[in-house]
Amino acid sequence: MNAALPEKIRTLVIVLGDQLDMESVALRGLDPAKDVIWMAEVAGESTYVWSSKIRTTLFVSAMRHFREALLEKGYPVLYTELGSKENKGELDKQLDASLEKYKPETIKYIEPGEHRLLKTISSVCKKNKIDFELLEDDHFLASHQDFETHAEGRKQLRMEFFYREIRKRYKVLIEDGKPVGGEWNFDSSNRQSFGKQGPELVPQRRSFKPDDITKTVIKIVNESFEDHPGDLENFNWPVTRKEALQALEDFIKDCLPNFGKHQDAMWTAEPFLNHSLISSSLNLKLLNPREVIKAAEKAYRDGKAPIESVEGFIRQILGWREYVRGIYWLYMPEYLDRNALSAQEALPDFYWTGETSMRCMNDCITQTMKYGYAHHIQRLMVTGLFSLMYGINPKEIHAWYLAVYVDAVEWVELPNTLGMSQYGDGGVTASKPYVATGKYIQRMSNYCSGCQYNPAESVGENACPFTTLYWDFLMRHENSLKKNNRMAMQLRNLNRLSEEKKDKIQDQAKRLRCNKI
Ligand code: FAD
Ligand code: SF4
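So, in structure tokens, the structure goes:
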């Protein structure tokens, strides 16, 4: 039951779909007799990129569950549902209409996860001449100011230094001022493949059976976004805080002990392995990174998980997650237009269907469309690597990643895609382009054993497209890559190839691009 709206609204508090935290700074000190929470499901947020049905369902279902939780606590909520009569379809129009109608004295909102929305909301407030208070999101361990201070005067930003700084500040895995286990980073122990026998016992995942709210949302999404990618048959993502906490608990107990060793490994038809699957819960704010880090550290202190796994996991959250956020807000909005390698190819259609004879791409894309999920190495070293070497325009591949993953919010997706994966930011996020031949995929997975191509071959009928495109990439960018010491060995190997072989590789790469593979 919705509490009655006050006759005159003092503060309208905007809660966006990725701000579903009952402890959030925006909800502190609200007076239900005077203040109202505003939430809106708008189709525009699912169409400005071709958002997968899975992603839209997760956001809308989690929002509806959050509305229920707010109402239970007695907060008045002004909520617009998809398809309702009052729905204007776009966030700015919806907000504009509410401001016109209810004329609140002030607006309060936490900084959105996208620069685009930051601008949208402030423009609507300004147009309506309403005072607004923009709050910084204290869900994160590092503030914007922390990152700016860290970045100041540095020629190059590197995640590792920022990570150590934040770890020291919060005393995570630190004893007597030193890192537990004697090392800051156990990455070198965390890159093993499964070997020929494949993964042992992959933990069974809990089933989050869709309840009535989720079932209704699935129906609406299937009808309203019928032609969008993704399949809702397997929808199994946490949509409430309670479910997110269960997913975290399962991960710590069943997966964390083996998380580290095979963190980078891939295996056909095993989409989840020992990964946590908590990114969407973190990004929707159903989980707080502090509680996740604390739970992982406790598992180490209780002797339930080795340091390699625990440090490796904590580094992803306390290190990478905070670091990419810092980059996003430091460099936006111009960051979005960067294209350091002048990549101009269109996104091949098979990114939406998985219909390609490349087994690795087929497996990663098919699972993405089925679950809205792929783990980091599948994103970075399969779909991302292909795009980088093929030369897909960063804006097109960015729109794909933002559309297809359940955890996709621009502040985290863009630096990972444009920066880490595509080197489109010219080296701000990654120290060199992550390029490799098909042999990397062969080493880290079993994909190649069932593929018609051979990762050892770069020309001819059986040549692996990754291997062809790898050499072609080095040739196309040789001059700029020469300036990067970390590319020296790869360029030395390139120069061992005969001119005749180089010509054949370039011909083959051209044909790959023409035939769209
Ligand atoms: P785990 O492997 O279990 O890792 C634990 C947690 O660490 C994750 O839940 C996540 O919160 C965090 N994490 C791990 N790696 C990163 C990273 N590189 N950057 C930020 N956080 C990280 N992550 C997103 O949350 N949203 C995105 O839209 C997104 N887009 C990506 C696009 C590309 C091209 C690449 C290469 C990576 C992207 N990532 C993104 C990072 C990473 O792939 C996902 O966070 C991870 O795969 C989520 O699965 P998991 O929860 O099982 O993670
Ligand atoms: Fe992928 Fe090449 Fe291996 Fe085929 S041979 S699975 S295309 S890396």
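Take any residue in the sequence shown, count from 1 to its spot, add 30: that is its number in this note's numbering.
Note that CB positions come from ideal geometry on N, CA and C, so glycine has one too.
(1) Please name the residue or residues paired with threonine 41 in a DSSP beta bridge.
(2) Any residues whose CB sits closer than 6 Å to a heavy atom of ligand 2? List them in chain order?
(3) On the DSSP letters alone, give me the boundaries of the alpha helix (DSSP H) that phenylalanine 343 sits inside.
(4) Where do the N-terminal and C-terminal ends of the alpha helix (DSSP H) with tryptophan 359 fall, by residue?
(5) Kindly indicate which three-state DSSP category aspartate 161 falls into: helix, strand or coil?
(6) Where does asparagine 220 fall in DSSP's three states?
(7) Using DSSP's beta-bridge definition, name the partner residues of asparagine 484.
(8) Quick one: is the Cβ of tyrosine 29 within less than 8 Å of any heavy atom of ligand 1?
(9) Give me, in chain order, the residues of the same chain whose beta-carbon lies closer than 7 Å to that of isoleucine 196; leave out the 5 immediate sequence neighbours on both sides.
(10) So isoleucine 67 is in the beta strand (DSSP E); what residue range does that whole segment cover?
(11) Determine the direct distance from the alpha carbon of tyrosine 464 to that of aspartate 533, and round the result to whole angstroms.
(12) State the beta-bridge partners of valine 107 as determined by DSSP.
(13) Closest to glutamate 130 by CA distance: which of Thr398, Cys155 and Pro319 is it?
(14) Under the three-state reduction of DSSP, which class applies to isoleucine 422: helix, strand or coil?
(15) Could I get the ranges of all uninterrupted beta strand (DSSP E) runs contained in the region 227-270, with 3 residues as the minimum, in chain order?
(16) Let's see if you can read the secondary structure: which residues bound the alpha helix (DSSP H) around phenylalanine 380?
(17) So, cysteine 390 versus glycine 490, is the Cβ gap smaller than 9 Å?
(18) Quick one, are the C-beta atoms of glutamine 452 and threonine 498 less than 9 Å apart?
(19) Is valine 439 near ligand 1, in the sense that its beta carbon is under 8 Å from a heavy atom of that ligand?
(20) Once you ignore the five residues that flank glutamate 120 on each side, which residues in its own chain have a CB closer than 6 Å to its CB?
(21) Relative to ligand 1, is the shortest distance from any of its heavy atoms to the C-beta of glycine 290 smaller than 8 Å?
(22) Opposite isoleucine 204 in the DSSP bridges: which residues?
Taking the coordinates as given:
(1) Here residue 41 corresponds to residue number 11 of the sequence shown, with the count starting at 1. Partner(s): Thr136.
(2) Cβ atoms closer than 6 Å to ligand 2 belong to Met388, Arg389, Cys390, Gly468, Ile471, Gln472, Tyr477, Cys478, Cys481, Tyr483, Pro485, Cys494, Pro495 and Phe496.
(3) To locate residue 343, count along the sequence shown from 1; it is residue 313. 337-344 is the span of the alpha helix (DSSP H), which, as asked, contains phenylalanine 343.
(4) One-based indexing of the sequence shown puts residue 359 at position 329. Its alpha helix (DSSP H) spans residues 352-361.
(5) Here residue 161 corresponds to residue number 131 of the sequence shown, with the count starting at 1. Correct three-state label for aspartate 161: strand.
(6) Residue 220 sits at position 190 when you count from the first residue of the sequence shown. Asparagine 220: coil per DSSP, three-state reduction.
(7) Here residue 484 is taken as the residue at index 454 of the sequence shown, counted from 1. DSSP, once it has assigned bridges, lists Ala493 as partnering asparagine 484.
(8) Here the chain covers residues 31 to 547 and nothing more, so residue 29 does not appear.
(9) Reading the sequence shown from its first residue, position 166 is the one you call residue 196. Within the same chain, isoleucine 196 has close Cβ partners Leu171, Ala172, Leu348 and Glu352.
(10) Here residue 67 refers to the residue found at position 37 when the sequence shown is read from its first residue. Per DSSP, isoleucine 67 belongs to the beta strand (DSSP E) from 66-70.
(11) Working through the sequence shown from its first residue, we reach residue 533 at position 503. Working through the sequence shown from its first residue, we reach residue 464 at position 434. Their Cα atoms are separated by approximately 23 Å.
(12) Within the sequence shown, the letter at position 77 stands for residue 107. Bridge partners of valine 107: Ile67.
(13) Mapped onto the sequence shown, residue 130 falls at position 100. For the residues Thr398, Cys155 and Pro319, the minimum Cα distance to glutamate 130 belongs to Cys155.
(14) Along the sequence shown, one-based indexing puts residue 422 at 392. Here isoleucine 422 sits in strand by DSSP.
(15) DSSP runs (the beta strand (DSSP E)) wholly in the region 227-270: none.
(16) The residue you call residue 380 lines up with position 350 of the sequence shown. 380-383 is the extent of the alpha helix (DSSP H) around phenylalanine 380.
(17) Start at 1 with the first residue of the sequence shown, and residue 390 comes out as number 360. Start at 1 with the first residue of the sequence shown, and residue 490 comes out as number 460. Going by C-beta atoms, cysteine 390 is not nearer than 9 Å to glycine 490.
(18) Looking up residue 452 in the sequence shown gives position 422. Looking up residue 498 in the sequence shown gives position 468. The answer is no: Cβ separation not under 9 Å.
(19) As a first step, residue 439 must be located in the sequence shown, where it is residue number 409. Within the cutoff, so yes.
(20) Here the question's residue 120 lines up with position 90 in the sequence shown. Take glutamate 120, set aside five residues on each side of it, and the residues of its chain with a beta-carbon closer than 6 Å to its own are Val72 and Gly74, in chain order.
(21) Position 260 of the sequence shown holds residue 290. Because no heavy atom of ligand 1 lies under 8 Å away, the Cβ of glycine 290 does not count as near it: no.
(22) Indexing the sequence shown from 1 puts residue 204 at position 174. Per DSSP, Pro209.
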